[in-house]
Amino acid sequence: MNKTQFLDARNIGAIYMCGIIGVIGQDAPSLVVHGLKMLEYRGYDSSGVAVISEGTLEIRKNTGKLEEVEKKEKFSELNGNISIGHNRWCTHGAVTKENSHPHTDCTESIAVVHNGIIENYLELKEKLIANGHSFKTQTDTEIVPHLIEEKINAGKNFETAVKETCNKLEGRFAIVVVKKDEKQMIGARRGSPLVMGIGDGKYFLASDVPAFLSSTRKVIFLEDNEMAVIGSEAKILNFKTNVAVQRQVQEISWTAEEAEKGEYPHYLIKEIMEQGVSLHRAVNQDETRIKEVAQMINAAFGTYIVGCGTAGKVGLAGTYIFSKVAKKHINFAIGSEFPQYHDFLTPKSLTIAISQSGETADTLEAMEATKETGGKLASIVNVMGSTMQRMSDGYIMVNAGPEKAVASTKATTGQLAILYLLAFASAGKLPEGKQLLDKTCGAISGMLNKELTEKVKTLANKLKSHENIYIIGRGLNYPIALEAAIKLQEVSYIHAEGFAGGELKHGPLALITKDTPCIVLVGNDETRKDVLSNAREIKARGGYIIGISPENSEVFDEWIQVPDVGICSPIVNIIPIQLLAYFIGVEKGNDIDRCRNLAKAVTVK
Ligand code: G6P
């Protein structure tokens, strides 16, 4: 993946971030539909399934959320041993039944699902049209089945036709292909993720592990330019060199239950409530990787944290954490800005990517830029086998387990904990850091109780019809004020903005009128006095003050008590806001796990 590819991608009319799955074995279509449900976080504007049964190919697809399409198209009626499926998420171009996947060739014998962007599709399409192919959609994907058809018409077998087709494609793709008279399913990737699951008498290919976690935890992550040819057995080969690849099967530690909602009405609340446990897993992991990355930081001349969205706010918090804990200056840039900012990189630079998915295109581009200048790469990611993890010289897993809600919660607190561990390790004080974080894990398990949820629910009722909410914090809690705003925006659809407490007098105070809700994040540190004084400035202008703090203050109209965990206050202070965003969202009837206009893994620029 290089800069040119990204730039070209912006010019394409239809841009996708999607979830794909293929299953070969008994009950293939129902496993595909289940997999699509697990992959819905990747996209949800249209869905489709193709099934091969006794030499026939049947495709059912439509626009709308998966549950609507599932009912409308009666996916439950589908039977067969080979099936593929797709969730589409289109940010440009039409959401139509025709444009939804799977896509087929002229004879409707070959079906393809695709995630990514084929940059040279127009050129290939023109040639195919000149050769007599007719197209039914505006997608880039549709050229794939036609190219395969062309090769098969020229006498190539299915495998060779797919292989040669992959070599014609420019850009990023993960595809799964089936053909009606073949007992095979073929998948290939370059740039977009594709993982093979090995079950009992079944094989899976999917964008992400949770898609088949209820059937198997045995996986092989495909690398770029690799294809998996799966029939009764599976083989992997490099489609560029045509050389067979031997890969070790890995066992995933995530469980199927972790990827399900269980007794909770939404993934978001489940993921918020399990933060005591997920944080414990992040903190109590093997120290080797933490020490390794800390050493990379100490050896580097210039360390830059990059991340997007919530991960970006965590990254900014990282600069404060390193300053406080390790007395070290670390730089931060949001992923999409890094390309305009990176001219100072040298071979001694280190870039640390923070990402839940490990697939965010903007963050990947920042990593590429570092690589091009010969610098080192590290990552803090939650998804094992993700592109970021695999391209890093050193990586640390967040161990949050599958995070399905689009709004990040448990991955966020896990990432923060890892940054504390790294800072303590870089200062040669890892045991001290672990002790503090262990205390924080316990405090979080204790605070996530009925009393807190009831209190926040009542507050949510009070705030739900407000148009604006402001959040302030200072020092370590300033980036958390920014993250708090993101949570409120994406889940409760309220205009929320976070500010550094000291900045109020330079503009934002003008926004405060009678009863404007303002959340004040207080850490039990040297910023406490100043942030409370900022709260008084707001109150004097009529603002309604909600304090998140270990101690009460006369300035608070509402007080949400959090445990005193010293410099780890960002980890506990964000939790009541996550709950607040959730309960406001529920009150307003919002689609909690699938935030409006957003997707979880943003694999395009
Ligand atoms: C999207 C998601 C956010 C997330 C951001 C970065 O915008 O909606 O929740 O923080 O991407 O994702 P990453 O996977 O890199 O953490």
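For the sequence shown, my numbering assigns the number 21 to the initial residue and increments by one for each residue that follows.
Virtual Cβ for every residue (Gly too), placed ideally from N, Cα, C.
(message) For a test of the three-state rule: what should DSSP assign to methionine 404, helix, strand or coil?
(response) For the purposes of this step, residue 404 is taken as the residue at position 384 of the sequence shown. In the structure shown, methionine 404 sits in coil (DSSP, three-state: anything other than H, G, I, E or B).
(request) Report the three-state DSSP secondary structure of serine 399 (helix, strand or coil). (result) On the sequence shown, residue 399 is found 379 positions in, with the first residue counted as 1. Annotated three-state conformation of serine 399 is strand, per DSSP.
(request) Using 7 Å as the cut-off, classify the Cβ of leucine 618 as near or not near the heavy atoms of the ligand G6P, replying yes or no. (result) Numbered from 1 along the sequence shown, position 598 holds the residue referred to as residue 618. Yes, the ligand G6P has a heavy atom inside 7 Å of this Cβ.
(request) Assign valine 132 to one of two classes, buried (16 or more other C-beta atoms within 10 Å of its C-beta) or exposed (fewer than that). (result) On the sequence shown, position 112 is the one that residue 132 refers to. In this structure valine 132 is buried. Its beta-carbon is surrounded by 16 or more other beta-carbon atoms within 10 angstroms.
(message) Does the distance between the C-beta of threonine 380 and the nearest non-hydrogen atom of the ligand GDP fall short of 7 Å?
(response) Within the structure as shown, the ligand GDP is missing, the only ligands being the ligand G6P.
(request) Write down the C-beta distance between isoleucine 500 and phenylalanine 519 rounded to the nearest angstrom, noting that I regard them as a contact closer than 8 Å. (result) Counting from one through the sequence shown, the residue named residue 500 turns up at place 480. Counting from one through the sequence shown, the residue named residue 519 turns up at place 499. Between phenylalanine 519 and isoleucine 500 the Cβ distance is about 12 Å, and since that is not below 8 Å, they are no contact.
(request) Please go through the same chain and pick out, in chain order, the residues whose beta-carbon is closer than 7 Å to the beta-carbon of aspartate 486, but skip the five residues on each side of it. (result) Taking the first residue of the sequence shown as position 1, residue 486 is located at position 466. Reading off the sequence shown, one finds histidine at residue 486, where the question assumed aspartate. Excluding the 5 residues flanking it on each side, histidine 486 has same chain C-beta neighbours closer than 7 Å at Ile514 and Pro537, in chain order.
(message) In the DSSP assignment, the beta strand (DSSP E) including tyrosine 564 goes from what residue to what residue?
(response) As a first step, residue 564 must be located in the sequence shown, where it is residue number 544. That run of the beta strand (DSSP E) goes 564-569.
(request) Verify the contact flag: cysteine 538, CB atom, against every heavy atom of the ligand G6P, threshold strictly below 7 Å. (result) Indexing the sequence shown from 1 puts residue 538 at position 518. No, since every heavy atom of the ligand G6P falls outside the 7 Å radius drawn around the Cβ of cysteine 538.
(request) Give every residue of the same chain whose Cβ lies closer than 7 Å to the Cβ of cysteine 38, excluding the five residues on either side of it in the sequence, and list them in chain order. (result) As a working note, residue 38 is residue 18 in the sequence shown. Taking cysteine 38 as the centre and dropping the five residues before and after it, the same chain places the C-beta of Arg62, Gly63, His106, Asn107, Arg108, Trp109 and Asn135 closer than 7 Å to its C-beta, in chain order.
(request) Could you spell out where the alpha helix (DSSP H) holding cysteine 186 opens and where it closes? (result) Taking the first residue of the sequence shown as 1, we reach residue 186 at position 166. Going by DSSP, cysteine 186 is part of the alpha helix (DSSP H) stretching over 178-188.
(message) So, at 6 Å on beta carbons, what are the nonlocal neighbours of lysine 23 in its own chain, with the 5 sequence-adjacent residues on each side left out?
(response) The residue you call residue 23 lines up with position 3 of the sequence shown. At lysine 23 the pLDDT is 35, less than 50, meaning the model places this residue with poor confidence; the figure from the coordinates comes in the next sentence. Nothing listed; no residue qualifies.
(message) Please classify asparagine 481 as buried or exposed, where buried requires at least 16 neighbouring CB atoms within 10 angstroms.
(response) As a first step, residue 481 is located in the sequence shown; it is residue number 461 there, counting from the start. Per the 10 Å Cβ criterion, exposed.
(request) Give the single residue among Gln409, Ala353, Phe603 and Asp125 whose Cα lies nearest to the Cα of glutamate 379. (result) Start at 1 with the first residue of the sequence shown, and residue 379 comes out as number 359. Nearest C-alpha to glutamate 379: Gln409.
(request) Would you kindly report the start and end of the unbroken alpha helix (DSSP H) that includes lysine 290? (result) Stepping through the sequence shown from its first residue, residue 290 is reached at position 270. Here the alpha helix (DSSP H) through lysine 290 covers 287-293.
(message) Between asparagine 101 and glycine 45, how many whole angstroms is the CB-CB distance? I'm expecting something under 8 Å.
(response) Here residue 101 refers to the residue found at position 81 of the sequence shown. Here residue 45 refers to the residue found at position 25 of the sequence shown. Contact flag correct, Cβ pair sits at about 6 Å.
(request) Measure the beta-carbon distance from glutamine 376 to glutamate 307 and round it to whole angstroms, keeping in mind my assumption that it falls under 8 Å. (result) Taking the sequence shown and counting its residues from 1, one reaches residue 376 at position 356. Taking the sequence shown and counting its residues from 1, one reaches residue 307 at position 287. Contact check for glutamine 376 and glutamate 307: beta-carbon distance about 22 Å, past the 8 Å limit, so the pair fails to qualify.
(message) Just list the residues that DSSP pairs cysteine 538 with in beta bridges.
(response) As a first step, residue 538 is located in the sequence shown; it is residue number 518 there, counting from the start. Per DSSP, Tyr490 and Ile565.
(request) Please specify which runs of the beta strand (DSSP E), each continuous and at least 3 residues long, are wholly inside the stretch 73-136, giving them in chain order. (result) Whole beta strand (DSSP E) segments, 3+ residues: 76-83, 102-108 and 110-112.
(message) Using the Cβ count rule (16 or more neighbours within 10 Å means buried), how would you classify tyrosine 36?
(response) For the purposes of this step, residue 36 is taken as the residue at position 16 of the sequence shown. Residue placement at tyrosine 36 is poorly supported in this model, since its pLDDT is 42, which falls under 50; the coordinates still yield a value, given next. With 16 or more other Cβ atoms within 10 Å, it is buried.
(message) At a threshold of 7 Å, does threonine 330 count as lining the ligand G6P (C-beta to nearest heavy atom)?
(response) In the sequence shown, the residue the question calls residue 330 occupies position 310. Because some heavy atom of the ligand G6P lies under 7 Å away, the Cβ of threonine 330 counts as near it: yes.
(message) Can you find the residues in the same chain that come closer than 7 Å, C-beta to C-beta, to cysteine 461, ignoring five residues on each side of it along the sequence?
(response) Locating residue 461 in the sequence shown gives position 441, where the first residue counts as 1. These residues qualify, in order along the chain: Gly296, Leu299, His300 and Val303.
(message) Buried or exposed, going by whether 16 or more other CB atoms sit within 10 Å of the CB of threonine 371?
(response) By 1-based counting over the sequence shown, the position of residue 371 is 351. With 16 or more other Cβ atoms within 10 Å, it is buried.
(message) Could you give the first and the last residue of the continuous alpha helix (DSSP H) run that contains glycine 453?
(response) Taking the sequence shown and counting its residues from 1, one reaches residue 453 at position 433. From DSSP, the alpha helix (DSSP H) with glycine 453 extends over 450-467.
(message) Assuming asparagine 245 is part of the alpha helix (DSSP H), what are its boundary residues?
(response) Here residue 245 corresponds to residue number 225 of the sequence shown, with the count starting at 1. DSSP places asparagine 245 in no alpha helix (DSSP H); its state is neither H nor E.
(message) Relative to the C-alpha of glutamate 510, which candidate in Leu472, Gly586, Ile256 and Val426 has its C-alpha closest?
(response) Along the sequence shown, read from residue 1 onward, the residue named residue 510 stands at position 490. Nearest C-alpha to glutamate 510: Val426.
(message) For a quick check, are the C-beta atoms of alanine 353 and valine 622 less than 8 Å apart?
(response) Position 333 of the sequence shown holds residue 353. Position 602 of the sequence shown holds residue 622. Taking 8 Å as the Cβ cut-off, alanine 353 and valine 622 do not qualify as a contacting pair.
(message) For the ligand G6P, is there any heavy atom lying closer than 7 Å to the beta carbon of alanine 427?
(response) Taking the first residue of the sequence shown as position 1, residue 427 is located at position 407. Alanine 427 has its CB nearer than 7 Å to a heavy atom of the ligand G6P.
(message) Only counting the same chain, and skipping five residues up and downstream in sequence, which positions put a Cβ closer than 6 Å to that of leucine 336?
(response) Along the sequence shown, read from residue 1 onward, the residue named residue 336 stands at position 316. So the qualifying residues of the chain are Phe352 and Pro499.
(message) Helix, strand or coil for asparagine 617? Go by DSSP, reduced to three states.
(response) Translated into positions along the sequence shown, residue 617 becomes position 597. In this structure, asparagine 617 counts as coil in the three-state DSSP scheme.
(request) Identify the continuous beta strand (DSSP E) that holds phenylalanine 193 and give its terminal residues. (result) What you label residue 193 is simply residue 173 of the sequence shown in a count that begins at 1. Taken as a continuous stretch (DSSP letters only), the beta strand (DSSP E) holding phenylalanine 193 covers 191-199.
(request) If I'm right that glutamate 385 touches proline 359 with Cβ under 8 Å, what's the distance once you round it to whole angstroms? (result) Along the sequence shown, one-based indexing puts residue 385 at 365. Along the sequence shown, one-based indexing puts residue 359 at 339. So it is a contact: roughly 6 Å between Cβ atoms.
(request) For isoleucine 325, count neighbouring Cβ atoms within 10 angstroms of its own Cβ and tell me buried if that reaches 16, exposed if not. (result) Here residue 325 corresponds to residue number 305 of the sequence shown, with the count starting at 1. Buried.
(request) Would you mind reading off the limits of the alpha helix (DSSP H) that contains tyrosine 498? (result) Position 478 of the sequence shown, counted from the first residue, corresponds to residue 498. Unbroken alpha helix (DSSP H) run through tyrosine 498: 498-507.
(request) Look up lysine 626 in the DSSP assignment and say whether it is helix, strand or coil. (result) The structure shown does not extend to residue 626, since the chain spans only 21 to 625, so no value can be given for it.
(message) Taking the straight line between their C-alpha atoms, what separation do you get for alanine 431 and methionine 417?
(response) Locating residue 431 in the sequence shown gives position 411, counting from the first residue. Locating residue 417 in the sequence shown gives position 397, counting from the first residue. Alanine 431 and methionine 417 have their alpha carbons spaced roughly 10 Å apart.
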